[in-house]
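Following the UniProt record's numbering, the numbering of the sequence shown begins with 1 at its first residue and continues without gaps.
Quick notes on the structure that follows.
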Amino acid sequence: MNDLSHGHPSPPADAIVEISADPARLDVGFIHHALSTQTHWAKDIPKDTLVRAISHSLCFGAYATQVEGGPANQVGFARVITDRATFAYLADVFVDPSMRGLGIGKRLCESVLAHPALQQLRRFLLATTDAAGLYARYGFEPLGPVNKMMQIHRPDIYTGKQEAP
Numbered sequence: 001m002n003d004l005s006h007g008h009p010s011p012p013a014d015a016i017v018e019i020s021a022d023p024a025r026l027d028v029g030f031i032h033h034a035l036s037t038q039t040h041w042a043k044d045i046p047k048d049t050l051v052r053a054i055s056h057s058l059c060f061g062a063y064a065t066q067v068e069g070g071p072a073n074q075v076g077f078a079r080v081i082t083d084r085a086t087f088a089y090l091a092d093v094f095v096d097p098s099m100r101g102l103g104i105g106k107r108l109c110e111s112v113l114a115h116p117a118l119q120q121l122r123r124f125l126l127a128t129t130d131a132a133g134l135y136a137r138y139g140f141e142p143l144g145p146v147n148k149m150m151q152i153h154r155p156d157i158y159t160g161k162q163e164a165p
């Protein structure tokens, strides 16, 4: 099954979609299922690790319903790691495959960039392998011809095959 509904029926394409930064609305089960099974960057992430990451981040959910004010299921997510003063990193952006192509990713990006806590940042980073065109519409650009960014990358840390230093 390729949808991320995690037990929720997928809303139809004409559903009403709302974006919210209210952490109480986040469906951690949905988010964990999506990230740990449907993404390459967070495959096998333990749920407790994700809960810790969410609790230390500014998170946005996309929620779909059939009726204004009716019960809504989460269909998208974005997470911002930030000091809320100078720097932010956009991570873990996804939309349920059954809801892609409806502008939900765009609305998540617009909501992130419009959030009051993120208006005075000097630098906002992200990494993408397949959505550079989307992010370019919002002012993101490649870092330059010489990559000055560096990393410590432990791709097997979640599987227990690799230990933290």
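Just so you know, even glycine gets a beta-carbon here, dropped at the ideal spot from N, CA and C.
Asked, Found
"Residue burial classification, N2 (beta-carbon count within 10 angstroms, cutoff 16)", "Any reading at N2 is ruled out, since the residue's pLDDT is 36, under 50, leaving its predicted position unreliable."
"In DSSP terms, what R123 is bridged to", "F87"
"Terminal residues of the beta strand (DSSP E) in which Y63 lies", "58-65"
"Identity of the residue in P155, D14, G133, D130 nearest E68 by Cα", "D14"
"Contact check, I104 vs A62, beta carbons under 7 angstroms", "yes"
"The alpha helix (DSSP H) enclosing E110, as first and last residue numbers", "104-114"
"Beta-carbon spacing of V75, L90 below 7 angstroms", "no"
"S20 versus F60: straight-line alpha-carbon distance, rounded", "6 angstroms"
"Length of the line joining the Cα atoms of G70 and S55", "27 angstroms"
"One or two residues paired with I16 in a DSSP bridge", "T65"
"Distance, A53 Cα to Y158 Cα", "14 angstroms"
"Exposure of M99, with buried meaning 16 or more beta-carbon neighbours within 10 Å", "buried"
"L35 vs A42 beta-carbon contact at 7 angstroms", "yes"
"Residues near R122 in its chain [Cβ-Cβ closer than 8 angstroms; skip 5 each side]", "T86, F87"
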